[in-house]
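Input: a single structure, listed below in structure tokens.
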Amino acid sequence: MEETIVSAPGKIILAGEHAVVYGYPAIVAAINMRITVVVKQEKPDKKYTGLVKYALEQLGIIDKVKLNINSELPVGGGLGSSAALATALVWAIKKDSSQAEKDQWVKIIEDFQHGKSSGVDQTIVREGGWLRFQQGKWQVIKLQFKAAILIDSGKPKESTGEMVKMIAEGRHEAEFKKIGELVNNWRPELIQENERLLEKIGVVGEKAKKIIREIEAMGGQAKICGAGGVKAGSGMILAVHKNKAKLKQLIDKNKWKSSEVRLGDEGVRYEN
Ligand code: MEV
């Protein structure tokens, strides 16, 4: 049986995470870190777990496919690894279905992982580039923000679903409204304000705050870029500074794990 190979990008939310679940806008970009899935219609040689098991069960082919998954995306880093994996799996397995049908399958798998997802992750993974997303609708936007430095604050103990549920239990309407206004006027200089609002709603842990304060103290700005986490790490931190060399010196001095990413990568695509 012929194999199908699909790759899908990860993403960075530049502004608007969490508030986007409640109908406010977000700005998001695909990144050049991808997940690649090779699907063969053969009996599997191992037991699947987690998201993959759930997806294959839902799609009714748990005993019928052999998978090879290669990911450049850290799990739980806030870079959309689950949306990228769900999308790549569905596009490979449901190759002949319409886009609307593929979207529905990805949403079912994303909701299993996220509890209640806004749809922003699966939309950027499919479309690629840079998008403004609100209530299921999106527009392609042009940003000069084409590269970013990511600093690893550590893997969150909480899943995205747990973070979204925790926020749902609080009262954060005022902060969400401010985040929405900030998204509508977005420029990199607003990263610090967005970070403060995320801290106020309580999704940024101490480890991440410490890194972010150090970056701010030497004139930069930084924010978490996904669901966050408070018990341990908060995932990847997006960091900017007018003088990139200075930021790199700080990263080296502190031995923070970091990487440079390119923004605006292509969305999901067939590789064969
Ligand atoms: C996760 O990447 C972004 C959240 O806003 C959840 C969602 O939009 O589904 C935290």
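For the sequence shown, the numbering used here gives the first residue as 2, with consecutive numbering after it. For every residue, glycine included, the Cβ atom is placed at its ideal position computed from N, Cα and C. Quick caveat, the model's predicted, so the values are computed rather than measured.
Would you check if the distance between the CB atom of residue i and the CB atom of residue j is smaller than 8 angstroms?
i      : j      : result
Leu86  : Leu52  : yes
Lys224 : Ile192 : yes
Ser72  : Ser82  : yes
Lys67  : Asp97  : no
Ala169 : Leu264 : no
Arg133 : Pro26  : yes
Val39  : Ile6   : yes
Gly116 : Gly171 : no
Lys158 : Lys232 : yes
Val29  : Ile125 : yes
Ala89  : Ile36  : yes
Ser154 : Val22  : no
Leu248 : Ile216 : yes
Lys95  : Lys103 : yes
Asp270 : Ser99  : One point to set straight first is that residue 270 is Arg, not Asp, in the sequence displayed. Their beta carbons are not under 8 angstroms apart, which means Arg270 does not touch Ser99 by this criterion.
Lys129 : Gly268 : Looking at the sequence provided, one finds Gly at residue 129 rather than Lys. Their beta carbons are under 8 angstroms apart, which means Gly129 touches Gly268 by this criterion.
Asp64  : Lys41  : no
Gly234 : Lys208 : yes
Ile252 : Ser260 : no
Val121 : Trp106 : no
Measure the C-alpha to C-alpha separation of residue i and residue j and round it to an integer number of angstroms.
i      : j      : result
Ala218 : Ala31  : 29 angstroms
Val205 : Phe177 : 15 angstroms
Ile212 : Gly221 : 11 angstroms
Phe113 : Ile62  : 18 angstroms
Lys166 : Glu111 : 14 angstroms
Gln145 : Trp187 : 12 angstroms
Ala20  : Glu3   : 43 angstroms
Arg197 : Ala16  : 12 angstroms
Ile70  : Lys48  : 14 angstroms
Ala175 : Met237 : 25 angstroms
Gly229 : Leu199 : 9 angstroms
Arg127 : Asp266 : 11 angstroms
Gly203 : Asn273 : 44 angstroms
Lys201 : Lys210 : 12 angstroms
Under three-state DSSP, which class holds residue i?
i      : result
Tyr271 : strand
Gln59  : helix
Ser160 : coil
Val204 : coil
Pro10  : strand
Leu183 : helix
Trp144 : The sequence given here places Leu at residue 144; Trp does not occur at that position. The answer is coil: DSSP assigns Leu144 none of H, G, I, E or B.
Arg188 : coil
Gln135 : strand
Arg35  : strand
Lys1   : With the chain running from 2 to 273 in the structure shown, residue 1 is simply not present.
Glu4   : strand
Below 7 angstroms, is the gap between the Cβ of residue i and the nearest heavy atom of the ligand ADP?
i      : result
Ser154 : The ligand ADP is absent from the structure shown, which contains only the ligand MEV.
Of all the beta strand (DSSP E) runs that stay within the bounds of the segment 50 to 122, which reach a length of 3 or more residues? As for any beta strand (DSSP E) of minimum length 3 sitting wholly inside the segment 50 to 122, the runs are 67 to 72, ordered along the chain.
So within the segment 196 to 262, which uninterrupted beta strand (DSSP E) runs reach at least 3 residues, ignoring any that extend past its ends? 222 to 225 and 237 to 241
Is it true that the segment 54 to 61 meets the segment 137 to 148, where meeting means three or more beta-carbon pairs spaced less than 8 angstroms apart? no
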